[in-house]
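The structure under discussion appears below in the form of structure tokens.
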Amino acid sequence: MRALPLVPELVRQLFRRPATNRFPAKYLPPSIRAFLRDVQAGRAAVNPPVPTPPRFRGKIAYDRDSCIGCTLCVKVCPAHAIEFIPDIKKIRVWVDQCIFCSQCTSICPKSCLSMTDAFLLAGEDRYAEDLIVE
Amino acid sequence: MTPAEIALLAAWCAALSLFALAGGLLLSGIDRKLAAHMQARIGPPIRQPFIDTVKLLQKDTVVPANAIPWLFNAAPVVALVSSVLVLFYIPVGSTMPVLGAYGDLVLVMYLLTVPALALVAGGFASGSPYATVGAQREMVTMIAYEFPLAIVVIGVAWRLGAAGISHPFALQSIAANPVWSVTGPLGLAGVFILLVVLAAITPAELSRIPFDTQEAETELAGGLLVEYSGRNLAMFSLAQAAKTLVLAAIIVAVFFPWTLSSFLAMPPVVALAADLLFFLLKAVLVLFFAVTLVRVAMARFRINELVSFYWVYLSVIGLAGLLLLMADVIAGPLAGVGI
Amino acid sequence: MSGESKKAPYRVPIGPNHPALKEPVMFTFELEGEVVRDVDFAPGQAHRGIEWMGMRRNPVQIVHLTDRICGICGVVHSLSFSLAVEQIAGIEVPERADYIRTIVHEFERIQSHLLWAGVAAHELGFDSLLHLTWRVREEAMDVIENLTGNRVNYGIVQVGGVRRDIVPEQHAIIEKCLATYEGLLDTLLSFFLDDRTIRMRCRDVGVLSRKDALELCTVGPTARASGVNVDLRQDYPYAAYGDLDVKAVLPDRYLGETHGDVYDRIVVRLLEVGQSCQIIRQCLSEMPAGPITAEEKLVKLLATCKKATGEGIGRVEAPRGECLHYVRMEGKDSPASWKVKASSYSNLMSWIPMLRGSQIADIPIIVASIDPCLSCTDRVAIVRDSRRSILSKDDLHRLSVEKTRRLQG
Ligand code: SF4
Ligand code: SF4
Chain A
1 MRALPLVPEL
11 VRQLFRRPAT
21 NRFPAKYLPP
31 SIRAFLRDVQ
41 AGRAAVNPPV
51 PTPPRFRGKI
61 AYDRDSCIGC
71 TLCVKVCPAH
81 AIEFIPDIKK
91 IRVWVDQCIF
101 CSQCTSICPK
111 SCLSMTDAFL
121 LAGEDRYAED
131 LIVE
Chain B
1 MTPAEIALLA
11 AWCAALSLFA
21 LAGGLLLSGI
31 DRKLAAHMQA
41 RIGPPIRQPF
51 IDTVKLLQKD
61 TVVPANAIPW
71 LFNAAPVVAL
81 VSSVLVLFYI
91 PVGSTMPVLG
101 AYGDLVLVMY
111 LLTVPALALV
121 AGGFASGSPY
131 ATVGAQREMV
141 TMIAYEFPLA
151 IVVIGVAWRL
161 GAAGISHPFA
171 LQSIAANPVW
181 SVTGPLGLAG
191 VFILLVVLAA
201 ITPAELSRIP
211 FDTQEAETEL
221 AGGLLVEYSG
231 RNLAMFSLAQ
241 AAKTLVLAAI
251 IVAVFFPWTL
261 SSFLAMPPVV
271 ALAADLLFFL
281 LKAVLVLFFA
291 VTLVRVAMAR
301 FRINELVSFY
311 WVYLSVIGLA
321 GLLLLMADVI
331 AGPLAGVGI
Chain C
1 MSGESKKAPY
11 RVPIGPNHPA
21 LKEPVMFTFE
31 LEGEVVRDVD
41 FAPGQAHRGI
51 EWMGMRRNPV
61 QIVHLTDRIC
71 GICGVVHSLS
81 FSLAVEQIAG
91 IEVPERADYI
101 RTIVHEFERI
111 QSHLLWAGVA
121 AHELGFDSLL
131 HLTWRVREEA
141 MDVIENLTGN
151 RVNYGIVQVG
161 GVRRDIVPEQ
171 HAIIEKCLAT
181 YEGLLDTLLS
191 FFLDDRTIRM
201 RCRDVGVLSR
211 KDALELCTVG
221 PTARASGVNV
231 DLRQDYPYAA
241 YGDLDVKAVL
251 PDRYLGETHG
261 DVYDRIVVRL
271 LEVGQSCQII
281 RQCLSEMPAG
291 PITAEEKLVK
301 LLATCKKATG
311 EGIGRVEAPR
321 GECLHYVRME
331 GKDSPASWKV
341 KASSYSNLMS
351 WIPMLRGSQI
361 ADIPIIVASI
371 DPCLSCTDRV
381 AIVRDSRRSI
391 LSKDDLHRLS
401 VEKTRRLQG
């Protein structure tokens, strides 16, 4: 096997468990929607994703009550994902635009912005309710 | 032949065609699964080739503007029909070839070139530079493996003939008298070498890595097949599946023809099923070593490397096997018939 | 079509989209049988106007924009941009920040080179090796995610320092990853270099002579594989490299000879994975304590940047070679000018001598062998009346003179 050094590894691999993470299911379900419905109804189970590390930069969370409307976060957001609403002196984050740089959370004087572990944000509607944080 | 006989023959042929397609797809699925596991992936489910075929059949068939439509559309049909046809001449399990009376191993070898020629014609008819390059490469590949293939066929048949077996080229007699059983120790080595040579030709016949220069996804984007879509592509992939089964069947028939029913007594219906399963098992094993393991363990050859591999290395190895067989025949009487 | 004789040259377009090309570029090959007679290529298929976006943002924002110039070199661009801005604003980066920058930078090199090795194997039709390298690459990605919070586009560098410290608990994680790679390196080298089929496909394929490499100003592993001793980390140290002992990896140090072929490029990149492990190890043990940024308060940082005037150049040894950022600030929120030269820009021209005379089968691996990153390279696209036009050398020269005049005011 000197000429083909990979062969022993391949044969060994044949008897090991594959490295692929089975998230969300082992095989692509014939219909994703049906699968999700089944999961919701408890008829099917989702294989868990790889756990996120500590201090992961996921979907933004906003503590509306402590925000003082200083607009600093708006100034540093590279993606223009934060909108300031002057009437109520609060902000609104458009998560579909957010690039998870965590700059806003660093600058906020009241620490009312933070990053969560949520990363399953893909969807068909950019303006879906759960993609707008306010 | 009486009409009843013809009807029976037609029924057999229809059943075999179905078996060729379904079995071929199943073998492709198993191949993909095993390859995936060797690469530490889960891979698609074994039924995936069936799903793909059904999906392709539902899709639009596009004929490129500068293709030659009749040739472009005829090529997949010819490839599919000829691939399935070959199986009629090869024993499967304990069933002897349905058309065995009308053709032998030499005919099978000729028939095997037809799907490849259809691919070449389809490639040239596509009017795409990728397909043209692919078609040229396919022709070169065919010429390259033809010689070692001939060595194997002639070697086996000649040895059987030398052992006094009548009709040595007929697959029935090859299957009924495993070559291993008629040879001495030298011959065993010779037969083994021929088996290796035939196994080494299989990936090229099936255009698999390392000899898939004619399709070469990363070079020619699918080469010969680049312009094919929908039903036409489905036919080509079915032809490919059938060919997979056929090649496995040839190797099994020539080198591993044993059946379960010849060892264990069982009622005929059970024997048929058991032999069929046993045949599939042998086919999976043969394909694993000849195709799956090879295709995951190597990089793709360049076309000139492919040619020198077949013309020089494999031919020399094949001839060495042939010489061993000859030596075996000569040494046979001297060493005594005790073996 | 086939009717023509095999000797007549024919043209085959490859790209902008082709399975062998991971990024868009348009090749036109003139072939004779299986042999490449001549080749021309047209980049500029993926211009995204990032500099234009930068002109409307302040440096604190742009740093995160630079992350997106390349999906693989997430830290290289933000680092060289920050270096340029720090030069202009006269910001002194704390030492600890320099070490952290270096560590992330080297992890990026590890994952980038492994990624490349996988792609190269795939181009050769050797998918098992692709899956294997990408699987071990995960280890580096996990560490990066742990250090920065993101798998790609790390957002760890900020003007003046870094945004996250490496805490003691993370040392163990890094050590574990380094140990894995150091244990694996020999196996990987053997998988790639001892394999007969790979050797057959890569040895003396896509040769770039030392002379051509120098004349075409190639950079990074492409240049080093041809025996050119260049590496910014050694020649023009930035971040913590001045304190470290970095020597350019050259193929003859490992194999005793330099061919300047694809095989040598594999050698250089794989050895650099080992070198990066050593650098990280050294950084971890020598990392001084202290602050991780020159300016904790972003508001103050913004003010400093706003006041700054002048021009600066940041140069960084990216996994693919030198990456350069030119920034000019004129006392406004946003820079007055910002230019990016990604490493592939310097390497693209080396395709021509490599590809001439090669076989069709070698095109994918040769194209991939310089590890081209075209989306990072495409910094300009010219469209007039919704049609693309090609600029000649004279046009380009005139335009650049004009631009320089404009910048000089
Ligand atoms: S994380 Fe970055 S991109 Fe997202 S809202 Fe905050 S500043 Fe904007
Ligand atoms: S920086 Fe914090 S306090 Fe200021 S507007 Fe944003 S969220 Fe509110």
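Chains as they are written, first to last, in our numbering: chain A, 1 to 134; chain B, 1 to 339; chain C, 1 to 409. Every residue, glycine too, gets a C-beta built ideally from N, C-alpha and C.
| Check | Outcome |
| --- | --- |
| Close Cβ partners of Ile30 (chain B) (< 7 Å) along its chain, the five nearest in sequence each way excluded | Ile46 and Val284 |
| Outcome for Arg126 (chain A) when other beta-carbon atoms lying within 10 angstroms are tallied against a minimum of 16 | exposed |
| Opposing strand residues paired with Pro13 (chain C) [DSSP bridges] | C:Thr28 |
| Whole-angstrom C-beta distance between Leu216 (chain C) and Glu317 (chain C), which should lie under 8 Å | Not quite, the Cβ-Cβ distance comes to about 18 Å (not below 8 Å), so this is no contact. |
| Any chain B beta carbon closer than 8 Å to Glu34 (chain C) | yes |
| Anticipated Cβ contact below 8 Å, Ala253 (chain B) with Ile174 (chain B), distance rounded | 6 Å |
| Cβ neighbour criterion (16 or more within 10 Å) applied to Met55 (chain C) | exposed |
| Within chain C, partners of Thr259 (chain B) - CB distance below 8 Å | Chain C residues near Thr259 (chain B): none, gap ~35 Å exceeds 8 Å. |
| Secondary structure of Val39 (chain C), DSSP reduced to three states | strand |
| Pair within 8 Å by beta-carbon distance, Leu189 (chain C) and Arg224 (chain C) | no |
| Buried versus exposed, by CB contacts within 10 Å (16 or more), Ala335 (chain B) | Its pLDDT being 48, under 50, Ala335 (chain B) is placed unreliably by the model, and the measurement read from it follows with that caveat. Exposed: under 16 other Cβ atoms inside 10 Å. |
| Cβ-based contacts, 7 Å cut-off: residues of the region 189-222 of chain C near chain A | Ser190, Phe191, Asp194, Asp195 and Arg196 |
| Residue nearest to Gly220 (chain C) in terms of C-alpha spacing, selected from C:Val36, C:Val12 and C:Ser112 | C:Ser112 |
| Glu32 (chain C) versus B:Phe278, B:Thr132 and B:Ala162, residue with shortest Cα-Cα distance | B:Thr132 |
| Own chain, CB closer than 6 Å to Leu194 (chain B), minus 5 neighbours either side, in chain order | Val152, Gly155 and Gly321 |
| Ligand 2 heavy atom lying under 7 Å from the CB of Ile91 (chain A) | yes |
| Host alpha helix (DSSP H) of Cys104 (chain A) (start-end) | Gln103 to Ile107 |
| Ala15 (chain B) to Leu324 (chain B) span [Cα, whole Å] | 41 Å |
| Partners in chain B for His131 (chain C), counting only beta-carbon separations shorter than 8 Å | Gln39, Ala40 and Arg41 |
| Segment contact flag, the region 394-409 of chain C with the region 44-63 of chain C, C-beta cutoff 8 Å, min 3 pairs | no |
| Presumed contact (8 Å Cβ cut-off) between Lys306 (chain C) and Asp333 (chain C), rounded CB distance | 6 Å |
| Straight-line gap, Tyr313 (chain B) to Tyr236 (chain C) (C-alpha atoms, nearest Å) | 52 Å |
| The region 386-393 of chain C contacting the region 365-374 of chain C, beta-carbon criterion three pairs below 8 Å | no |
| Gln103 (chain A) beta carbon near ligand 3 (any heavy atom closer than 7 Å) | Here the bound small molecules are ligand 1 and ligand 2; ligand 3 is not part of this structure. |
| Within 7 Å of chain C by C-beta, residues of the region 46-66 of chain A in sequence order | Pro53, Arg55, Phe56 and Arg57 |
| Within 8 Å, strictly: CB atoms of Ala303 (chain C) and Gly161 (chain C) | no |
| Residue-level contact to chain C via CB, Val74 (chain A), 8 Å cutoff | no |
| Near ligand 2: Cys141 (chain A) beta-carbon under 7 Å from a heavy atom | Residue 141 (chain A) is absent from the structure shown; chain A starts at 1 and stops at 134. |
| Lys110 (chain A) CB to nearest heavy atom of ligand 2 below 7 Å | yes |
| Those residues which DSSP pairs with Met115 (chain A) across a bridge | A:Ile60 |
| Residues of the region 345-365 of chain C with Cβ closer than 7 Å to any Cβ of chain A, in chain order | none |
| Contact under 8 Å by Cβ, Tyr154 (chain C) with Ile144 (chain C) | yes |
| CB contact below 8 Å: Phe126 (chain C) versus chain B | yes |
| Residues from the region 285-299 of chain B in contact with chain A, defined by Cβ distance under 9 Å | Leu293, Val296, Ala297 and Met298 |
| C-beta contact flag for Pro24 (chain C) and Pro16 (chain C) at 8 Å | yes |
| Expected contact under 8 Å - CB spacing of Cys323 (chain C) and Val76 (chain C) to nearest Å | 5 Å |
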